[in-house]
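Here the structure comes first, spelled out in structure tokens, and everything after it is commentary.
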Amino acid sequence: MKKIIVGSDEVGRGPLAGPIVAGAVTYKNTLIPDYVFDGRDSKLLSTAQREKLSNKIWDQYLCAIGIVSAEEIDLLGISLANRLAIIRAINNLKIYFDVALVDGNLKFDDTRFFSIIQGDKSHELICAASIIAKVWRDNLMQMLHNEFPCYNWSKNKGYGTKEHLDAIKKLGTSPYHRKTFKIAQC
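In UniProt numbering, the protein residues as written are 1 to 186.
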């Protein structure tokens, strides 16, 4: 019997605002996708390339997203929040799996989870998960930008750019900022 393998990766560990978003991807039945894995990091692709690949991945694979909010990150800490996002994404696939390949060096209690440093560059499913997570989070940050345009999240995606830090100094934080990140010292 063929083993069911899931790939997962997260985006959004470093920003001052917004959630951590993880993607989880596995093959649909016996369908062989025509997505061509080339080992490129999703962050090195253009927005248009990522969007196109993300749509193709959602069409050709079984995919899910897991989210951990800024408030949860503040409560749990970044490392636990990172693992939780991965677990939520994989659980949201709503399937039994034999092996979960996860980008990075995270430790999990579940022995089916295997962390692979730079796995998004070496494994198709992890790379695909990275792409869908990045597109999903970027789209979310665009929606949050519409609510709080003063922080320019459509451009900085919540990262601590000078413009973002200046806005925090002037206006304070929003409900989407991570309060435990050292933004209070801005």
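For each residue, glycine too, the CB sits at the ideal point set by N, CA and C.
Whole-angstrom C-beta distance between residue j and residue i, which should lie under 8 angstroms
i	j	result
Ile65	Trp136	5 angstroms
Asp103	Ile90	No, Asp103 and Ile90 are not in contact; Cβ-Cβ is about 13 angstroms, not under 8 angstroms.
His177	Leu75	Not a contact, Cβ separation roughly 14 angstroms.
Phe114	Leu93	Going by Cβ atoms, the distance from Phe114 to Leu93 rounds to 17 angstroms, so no, they are not a contact pair.
C-beta atoms of residue i and residue j nearer than 9 angstroms
i	j	result
Asp120	Ser46	no
Gly23	Ile131	yes
Lys107	Arg83	yes
Val99	Ile168	no
Thr173	Gly77	no
Val11	Lys134	yes
Ala85	Val21	yes
Local Cβ density within 10 Å of residue i, reported as buried at 16 or more and exposed below that
i	result
Ile73	buried
Gly18	buried
Ile95	exposed
Glu147	exposed
Ser54	buried
Ala184	With a pLDDT of only 48 at Ala184, under 50, the local geometry of the prediction cannot be trusted, and the value read off the model is given with reservation. Ala184 is exposed by the Cβ-count criterion.
residue 253	Nothing can be reported for residue 253, as the shown portion of the chain is limited to 1 through 186.
Lys157	buried
Ser79	exposed
Leu144	buried
Met1	exposed
Beta carbon proximity, residue i to chain B, threshold 9 angstroms
i	result
Ser54	Absent here is chain B; the protein component of the structure consists of one chain.
Segment limits, alpha helix (DSSP H) that includes residue i
i	result
Ala167	Lys162 to Leu171
Leu106	From DSSP, Leu106 is part of no alpha helix (DSSP H); its letter is neither H nor E.
Asp9	Where Asp9 is concerned, there is no enclosing alpha helix (DSSP H), although the beta strand (DSSP E) it sits in stretches over Ile5 to Val11.
Ile95	Element bounds for Ile95: n/a, residue is neither H nor E.
Leu45	No alpha helix (DSSP H) holds Leu45; DSSP gives it neither H nor E.
Lys134	Glu124 to Glu147
Ser174	Per DSSP, Ser174 belongs to no alpha helix (DSSP H) and is neither H nor E.
Asn156	Trp153 to Asn156
Endpoints, beta strand (DSSP E) assigned at residue i
i	result
residue 193	Examination of residue 193 is not possible in this model, given that the chain is present from 1 through 186 alone.
Ser115	Phe113 to Ile116
Gly18	Taken as a continuous stretch (DSSP letters only), Gly18 belongs to no beta strand (DSSP E), as it is neither H nor E.
Q: Give a yes or no on contact between the region 18-28 and the region 108-128, applying the rule of three or more CB pairs nearer than 8 angstroms.
A: Contact between the region 18-28 and the region 108-128 is present, because at least three Cβ pairs lie under 8 angstroms.
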